[in-house]
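Residue numbers (the working numbering): 330 to 736.
Cβ atoms here follow ideal geometry from the backbone N, Cα and C, with glycine treated the same way.
Owing to the predicted nature of the structure, the values given are computational and were not obtained by experimental measurement.
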């Protein structure tokens, strides 16, 4: 009898996604880790991620023809990784750039594994297990062991180090369970309940960005489902929806300060806009190739020291994914990334409107969310769950019947 490794692969994928999302970090490293953003250095975590990378490369090697076929579908991603490696030679702290480049390559390889190993439906199931565990365990942490599950400010953080991590995970939880609820009849009620619980946790985390993201995902999905080139009524409904969205945005704009006060935010987006202004000055000094991947916000970097002295807070990154790429690998890297990433968005929109393929709707909404997320945070080219899932979606996008036949 042939022993299948499929269940072990599924367990590996779910556990790895939880770790990439920083789930259960407080249990691994202690409750004092809570409240921290950015890189969290630990020998235990380094060992865990090295193990994940080794297993990932082994699994990719077992299906080498299929792996190579998927790699060829997106040469621009390989080009970006090449720029990351090249940037090590430009870095003032090459050892840090090398370490972070290895992490990025391993993380991107894991995304390639997900995209090449699992179909769209199978990926959703993997994500549902990972975010489902995060969802219910976050409730348990907040209600039973609040030392771990609630920040000193009273905001929920669940199994994650910070409320922002919880908010990001719950947006992905909502997106995953929403698609499961519309793509399958089995357990549909359970999936809808999980959607509601995801929103409830976002409210307890007081994550305004995550709440707006969920509203955007839901309204965009509903609006796109109404589009039909053959139905005047549905076109009218879409126009009405667009009018409502424009009116809502107008109301938000005229009440912007009130909304910010409710969520204890200021007009500078909690200090981000002054940070971006300062970073622009540094970008102009080295615009083409940047400062080396992951080097700029290292504590031993001269420019970082200047930034930290100027601001009253210590930013762990640029708080903007596009600016972060520019600082890391320069304008060339940013241009290649932006052109191809937005190309994937338009491609998925076109294919969804043409074929009404739910996979294309998933890719469209996911990539749009990552754009919105990276306006104030960073997930592009990083060791994060959001980068993994978006990259896996991009690799899944160009799956052909020829690739499917490869082992």
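Burial state of residue i (16 or more Cβ within 10 Å)
| i | result |
| --- | --- |
| residue 404 | exposed |
| residue 783 | Any property of residue 783 remains undetermined from this structure, which presents the chain solely from 330 to 736. |
| residue 500 | buried |
| residue 718 | buried |
| residue 330 | At residue 330 the pLDDT is 42, less than 50, meaning the model places this residue with poor confidence and gives no usable figure here. |
| residue 688 | buried |
| residue 699 | buried |
| residue 653 | buried |
| residue 492 | buried |
| residue 583 | Low confidence applies here, because residue 583 scores a pLDDT of 46, under 50, leaving its location unreliable and the question unanswered by this model. |
| residue 544 | exposed |
| residue 514 | exposed |
| residue 387 | exposed |
| residue 726 | buried |
| residue 684 | exposed |
| residue 381 | buried |
| residue 497 | buried |
| residue 397 | exposed |
| residue 476 | exposed |
| residue 351 | buried |
| residue 617 | exposed |
| residue 452 | buried |
| residue 372 | exposed |
| residue 693 | buried |
| residue 716 | buried |
| residue 579 | Because residue 579 carries a pLDDT of 49, less than 50, the predicted location of this residue cannot be relied on, and no value is offered for it. |
| residue 340 | exposed |
| residue 604 | buried |
| residue 485 | buried |
| residue 612 | buried |
| residue 333 | exposed |
| residue 522 | exposed |
As assigned by DSSP and simplified to three states, the class of residue i
| i | result |
| --- | --- |
| residue 485 | strand |
| residue 334 | coil |
| residue 425 | helix |
| residue 474 | coil |
| residue 345 | helix |
Selection from the options that minimises the alpha carbon distance to residue i
| i | options | result |
| --- | --- | --- |
| residue 414 | 513, 524, 522 and 427 | 427 |
| residue 417 | 716, 622 and 466 | 622 |
| residue 668 | 530, 651 and 545 | 651 |
| residue 454 | 508, 411, 445 and 395 | 508 |
| residue 723 | 682, 713, 674 and 712 | 674 |
| residue 550 | 529, 511 and 615 | 511 |
| residue 466 | 653, 347, 396 and 656 | 347 |
| residue 438 | 615, 491, 527 and 342 | 342 |
| residue 713 | 612, 433, 389 and 400 | 433 |
| residue 520 | 530, 506, 354 and 660 | 506 |
| residue 400 | 445, 503 and 422 | 445 |
| residue 658 | 468, 604, 503 and 709 | 709 |
| residue 527 | 502, 535 and 443 | 502 |
| residue 419 | 355, 706, 602 and 624 | 624 |
| residue 464 | 488, 475 and 447 | 488 |
| residue 425 | 706, 626 and 660 | 626 |
| residue 490 | 357, 618, 721 and 662 | 357 |
| residue 648 | 613, 672, 706 and 353 | 706 |
| residue 349 | 542, 529, 495 and 601 | 495 |
| residue 535 | 670, 721, 479 and 554 | 479 |
| residue 553 | 690, 353, 542 and 395 | 690 |
| residue 702 | 677, 538, 645 and 603 | 538 |
| residue 392 | 431, 379 and 447 | 447 |
| residue 671 | 696, 655 and 656 | 696 |
| residue 442 | 422, 421 and 384 | 384 |
| residue 345 | 436, 548, 711 and 412 | 436 |
Would you list, in sequence order, the uninterrupted alpha helix (DSSP H) runs of no fewer than 4 residues that lie entirely inside the region 499-552?
517-534
Take every Cβ of the region 447-461, pair it with every Cβ of the region 652-667, and state whether three or more of those distances are shorter than 8 Å.
Between the region 447-461 and the region 652-667 there are fewer than three inter-stretch CB-CB distances shorter than 8 Å, so the stretches are not counted as touching.
Runs of alpha helix (DSSP H) lying entirely within the region 404-449, each at least 4 residues, in chain order:
404-416 and 423-446
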